[in-house]
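Trainee: Going down the list, the sequences are from chains A and B. For the first sequence, position 96 matches number 184 in the working numbering, and the numbering has no gaps at all. For the second sequence, position 191 matches number 208 in the working numbering, and the numbering has no gaps at all. Cβ coordinates follow ideal geometry from the N, Cα and C atoms, glycine included.
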Amino acid sequence: MVWLAPGAFAALALLAGPLIVHLLARRNTRRLVFPATHFVPRSEAAAIRLRRPTDIALLLLRMAIVTTAVLAVAQPLILAQWRMARWNARLARAVVVDTSRSLAEPAIAARLADGELRNVFAGRRIETPDLADGIARAVRWLDSTAPARREIVLVSDFQRGALGGDALTAIPDHVGLRVIRAGVLPATRVATSLPVQGWRGGSWQATTTVDGVGTAAAWTRLGDARPAAWISVAAAPAEAEAAAAALRAATAQGLPAGDETRRVVVRFSGATPLMPPARSVASAWIAFAALRLREAPDGLGADPVVGEREGVMVVDSPIRASGLEAASVIRAVMVAVRSAAIVDPEAEVAAVSDADLAAWRRDPAPAADLSGVRREDSDARWLWGLALLLLGVEWRLRRPRAVPAVTEVRADAA
Amino acid sequence: MNLAPEALAAIGDLELVSKRVVDGTISGLHRSPFHGYSAEFSQYRHYRPGDDLKYIDWKLFARTDRLYTKQFRETTNLQCQIALDASASMAYSGRARVTKFQYARLLAGSLAHLVSRQADAVGLVAYADAIKQYLPSRGGQVHLRALLLALGRTEPAGETDAAAALSRTLDLLKRRGLLFVISDLYDEREAVERALMRAAHIGHDVVIFHVLSRDEVELPFRDEVELEDPETGRLVLSNGAAAGRAYRAAISAFLERWRTRTATYGIDYVRLFTDMPLETGLRAYLRRRAAGVAS
Numbered sequence: 089m090v091w092l093a094p095g096a097f098a099a100l101a102l103l104a105g106p107l108i109v110h111l112l113a114r115r116n117t118r119r120l121v122f123p124a125t126h127f128v129p130r131s132e133a134a135a136i137r138l139r140r141p142t143d144i145a146l147l148l149l150r151m152a153i154v155t156t157a158v159l160a161v162a163q164p165l166i167l168a169q170w171r172m173a174r175w176n177a178r179l180a181r182a183v184v185v186d187t188s189r190s191l192a193e194p195a196i197a198a199r200l201a202d203g204e205l206r207n208v209f210a211g212r213r214i215e216t217p218d219l220a221d222g223i224a225r226a227v228r229w230l231d232s233t234a235p236a237r238r239e240i241v242l243v244s245d246f247q248r249g250a251l252g253g254d255a256l257t258a259i260p261d262h263v264g265l266r267v268i269r270a271g272v273l274p275a276t277r278v279a280t281s282l283p284v285q286g287w288r289g290g291s292w293q294a295t296t297t298v299d300g301v302g303t304a305a306a307w308t309r310l311g312d313a314r315p316a317a318w319i320s321v322a323a324a325p326a327e328a329e330a331a332a333a334a335l336r337a338a339t340a341q342g343l344p345a346g347d348e349t350r351r352v353v354v355r356f357s358g359a360t361p362l363m364p365p366a367r368s369v370a371s372a373w374i375a376f377a378a379l380r381l382r383e384a385p386d387g388l389g390a391d392p393v394v395g396e397r398e399g400v401m402v403v404d405s406p407i408r409a410s411g412l413e414a415a416s417v418i419r420a421v422m423v424a425v426r427s428a429a430i431v432d433p434e435a436e437v438a439a440v441s442d443a444d445l446a447a448w449r450r451d452p453a454p455a456a457d458l459s460g461v462r463r464e465d466s467d468a469r470w471l472w473g474l475a476l477l478l479l480g481v482e483w484r485l486r487r488p489r490a491v492p493a494v495t496e497v498r499a500d501a502a
Numbered sequence: 018m019n020l021a022p023e024a025l026a027a028i029g030d031l032e033l034v035s036k037r038v039v040d041g042t043i044s045g046l047h048r049s050p051f052h053g054y055s056a057e058f059s060q061y062r063h064y065r066p067g068d069d070l071k072y073i074d075w076k077l078f079a080r081t082d083r084l085y086t087k088q089f090r091e092t093t094n095l096q097c098q099i100a101l102d103a104s105a106s107m108a109y110s111g112r113a114r115v116t117k118f119q120y121a122r123l124l125a126g127s128l129a130h131l132v133s134r135q136a137d138a139v140g141l142v143a144y145a146d147a148i149k150q151y152l153p154s155r156g157g158q159v160h161l162r163a164l165l166l167a168l169g170r171t172e173p174a175g176e177t178d179a180a181a182a183l184s185r186t187l188d189l190l191k192r193r194g195l196l197f198v199i200s201d202l203y204d205e206r207e208a209v210e211r212a213l214m215r216a217a218h219i220g221h222d223v224v225i226f227h228v229l230s231r232d233e234v235e236l237p238f239r240d241e242v243e244l245e246d247p248e249t250g251r252l253v254l255s256n257g258a259a260a261g262r263a264y265r266a267a268i269s270a271f272l273e274r275w276r277t278r279t280a281t282y283g284i285d286y287v288r289l290f291t292d293m294p295l296e297t298g299l300r301a302y303l304r305r306r307a308a309g310v311a312s
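#1: Does Q169(A) come out as helix, strand or coil in the three-state DSSP assignment?
#2: Whose C-beta lies closer than 6 Å to the C-beta of V154(A) among residues of the same chain, with five residues either side of it excluded?
#3: Strictly under 8 Å for the Cβ-Cβ distance: is T125(A) near chain B by that measure?
#4: My output table needs one value for V278(A): the three-state DSSP class, helix, strand or coil.
#5: For chain B, check one thing: does any of its Cβ atoms lie closer than 8 Å to the Cβ of L165(A)?
#6: For chain A, find out if any of its Cβ atoms is closer than 8 Å to the Cβ of I99(B); answer yes or no.
#7: Step through the CB atoms of chain A and report whether any lies within less than 8 Å of the CB of S106(B).
#8: By how many angstroms is the C-alpha of L362(A) removed from the C-alpha of F246(A)?
#9: Using a Cβ-Cβ distance under 8 Å, would R150(A) count as near chain B?
#10: Please tell me whether R449(A) and V272(A) are closer than 8 Å, where the distance is taken between their beta carbons.
#11: Quick one: is D347(A) buried, meaning 16 or more other Cβ sit within 10 Å of its Cβ, or exposed?
#12: Over what stretch of residues does the beta strand (DSSP E) that includes R408(A) continue unbroken?
#13: Enumerate in chain order the residues of its own chain whose CB-to-CB distance from A216(B) is below 8 Å, with the five nearest sequence positions on each side excluded.
#14: Determine the chain B residues that contact P129(A) at a beta-carbon separation under 9 Å, and present them in chain order.
#15: Name, going along the chain, the residues of the segment 241-252 of chain B whose beta-carbon falls closer than 9 Å to a beta-carbon of chain A.
#16: Straight-line CA distance for D261(A) to A453(A)?
#17: Spatial neighbours of G222(A) within its chain, please: CB distance less than 7 Å, with the 5 preceding and 5 following residues excluded, ordered by chain position.
#18: What separation, rounded to the nearest whole angstrom, lies between the Cα atoms of Y61(B) and G67(B)?
#19: Examine chain A for any beta-carbon lying closer than 8 Å to the beta-carbon of F197(B), and answer yes or no.
#20: Run through the segment 135-178 of chain B for me and flag every whole beta strand (DSSP E) of 3 or more residues, listed as ranges in chain order.
#21: List the residues of chain B whose Cβ lies closer than 9 Å to the Cβ of L120(A), in chain order.
#22: Can you find the residues in the same chain that come closer than 8 Å, C-beta to C-beta, to L77(B), ignoring five residues on each side of it along the sequence?
#23: With a threshold of 8 Å between beta-carbons, can Y144(B) be considered close to chain A, or not?
#24: How far does the beta strand (DSSP E) with F226(B) in it reach, from first residue to last?
#25: Give me the chain A residues within the contact set of D201(B), using Cβ-Cβ distance strictly less than 8 Å, ordered along the chain.
#26: Apply the 10 Å Cβ neighbour rule to L138(A) and answer buried if 16 or more other Cβ atoms are within range, or exposed otherwise.
#27: G286(A) and A340(A) look like a contact to me (Cβ under 8 Å); what is the Cβ gap, rounded to whole Å?
#28: What residues of chain A sit near F271(B), judged by a beta carbon separation below 7 Å?
#29: Determine which residues of the segment 108-135 of chain B have a Cβ less than 9 Å from any Cβ of chain A, and write them out in chain order.
#30: Less than 8 Å separating the beta-carbons of F356(A) and R408(A)?
#31: Please classify D102(B): is it buried, with 16 or more other beta-carbons within 10 angstroms of its beta-carbon, or exposed?
#32: Quick check on the DSSP output: what are the complete alpha helix (DSSP H) runs of length 4 or more inside the segment 199-260 of chain B, in order along the chain?
#33: I need the straight-line Cα distance from A129(B) to D69(B), nearest angstrom please.
#34: Please confirm whether E233(B) has its beta-carbon closer than 8 Å to some beta-carbon of chain A.
#35: Would a C-beta distance cut-off of 8 Å place R238(A) and V263(A) closer than the cut-off?
#36: Do the segment 220-234 of chain A and the segment 192-199 of chain A make contact, defined as three or more Cβ pairs closer than 8 Å?
Take a look at the structure:
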């Protein structure tokens, strides 16, 4: 037997209630006019004072009522064989459907998913372009389902790199896993990247061809690069030239295209203070950029401080513009703001092999996880019934009983 | 046919009711059970130790050399006095619908009717802590009606001082006679006993009708109750279930003591419960008394 709400046992302190009532409470007495009071033994009870419980049976009965009620609140669940068999006979299944761009036939994946959701005790379809995210959501949902065998079904083209080992190890051992391949990847796929600004003073676009042999990229010059007006630097007046040189050096390595409205100011040590000063970050894109900047490789001298002023990202670096790391700082900020990869991962044409997929498969374990048990599934109702029955007995005992009929007394003459 | 006490009590006309009870009671009795003392010579009987020496016929002793006591028959009728307890405790009815006082009043009226029917004199003393009503014993229908009227006006109230009231009654009685005491006898037993003993010693024929409610023999409750004495207002907290056995033992001892003590003094003791038909108890007693007189 398990208790779904063992915290309720703290309420056993209520057992003191009936005891206190029996020890201290004033009895509700009726008042009767009775002429033969001289012959009536006086009760030892006083109005309110400590005394021994006078009706042990009633006291025990009341304590039993409280105990039964507390046990009922603690939600007992008897793990009987019939119950375990019933749980094991049903299956809760979460179907994670890959909706990434690489999937050639999304309709086939959807149909396969629908088929998997038929004839199950509980099922949910989770559509996501990120299988790892889908698995995490599936695990959370399975945890919330009623006790049953649990299983995750992955429906995907299983493009290589789409699913990491971390995602698979996040699946609890008792949850089964099946994989269904939905369609095959093309033999060759060509992807065009976003334009890269600034490299060799031009604007370049890569055309990547991926096939079973390897990856080939061809760069095409689209025209001259436009000045990177969205990023500017500020430094001490004596180091203005050094700051401009650092900006040119950072831009010369090329930049992916991005939203031109997202403006950035990199301020080096000695720059004129901003009035009003930058405040804490409010815009989401600045917050994401700040996180990525924190993950940038070392070599920035010291961690820059990110702020926001009037929608502009303000990066305060403690180094001087003439320092060796100045260009690296500007480059790190640029990459953090415009982080699009040059190569589209969805262009991958290699897939996880069938042998690897078969190795991932495992059957769901017998139902043992009680995390999804609802309170109404517990056996508390029997205890509530017993408590009510005891209450009835207590009421019956408390009710004054009729005096038995007296024996007939005949007229007696001495 | 016997009528239930509550049915009789519901009838307001005490004269009618008492006559009805008496008619029902004496039917089947061959002669009157009550006899007065004679002032005319009746018969001789052998002297017994304790007999008054003045009643010994010395001339007969001289002739026969044996002691005989003279017995007399009174020329006047029987003098009968009814002492009715009208204290507050008599107002108790228990689960019965008739109070002890209603029952006792009916009994007193019936006795008065019975005695009056024999052309004897009857009087009434209603008492609580003092005498509330006093009618000297007289005969005649007019007096009987006055007595029944006085009975009807009497209501139970106040504490009991039976000993004082009975002593005062004995002082008021001019001649020996029949004294009916109708009470629940909840008083200082020894004092009441002394008063009754005195009455018996004087020569009164004393009859005690001990009127009780059935609930006074069995405690009518099993839970814890506060009992209020109707005379003193004294409160007793008691548990019926726990105290029942001790109470019944105490009340049984009380009743048994009265029975044995009255027997010791030659006093007739009749116990009546308010749920008994009055004729039944009265007739049983009168039959026994008639048999005793005959013997």
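Mentor: According to the structure data:
#1: helix
#2: L102, L103
#3: yes
#4: strand
#5: no
#6: no
#7: yes
#8: 51 Å
#9: no
#10: no
#11: exposed
#12: R408(A) -> no beta strand (DSSP E), and no H or E assigned at all.
#13: Same-chain partners within the cutoff: L183, L187, L196, V223.
#14: V253, S255, N256, A259, A260, A263, Y264, A267
#15: E241, V242, E243, L244, E245, D246, P247, E248, T249, R251, L252
#16: 8 Å
#17: Same-chain partners within the cutoff: V184, I214, T216.
#18: 16 Å
#19: no
#20: Look at the segment 135-178 of chain B and you find these whole runs of beta strand (DSSP E), each 3 residues long or longer: 138-144, 148-155.
#21: P237, F238, V242, E243, L244, E245
#22: Excluding positions up to five away in sequence, the list reads Y61, R83, Y85.
#23: no
#24: Per DSSP, F226(B) is one residue of the beta strand (DSSP E) stretching across 222-229.
#25: P123
#26: Residue placement at L138(A) cannot be trusted, given a pLDDT of 44 that sits under 50; the coordinates are not used to answer.
#27: 6 Å
#28: F127
#29: Taking 9 Å as the cut-off between beta carbons, the residues of the segment 108-135 of chain B near chain A are A108, Y109, G111, R112, K117, in sequence order.
#30: Going by C-beta atoms, F356(A) is nearer than 8 Å to R408(A).
#31: The C-beta of D102(B) has 16 or more other C-beta atoms within 10 Å across all chains shown, which makes the residue buried.
#32: 206-219
#33: 31 Å
#34: Contacts with chain A at 8 Å (Cβ-Cβ) include E233(B).
#35: yes
#36: no
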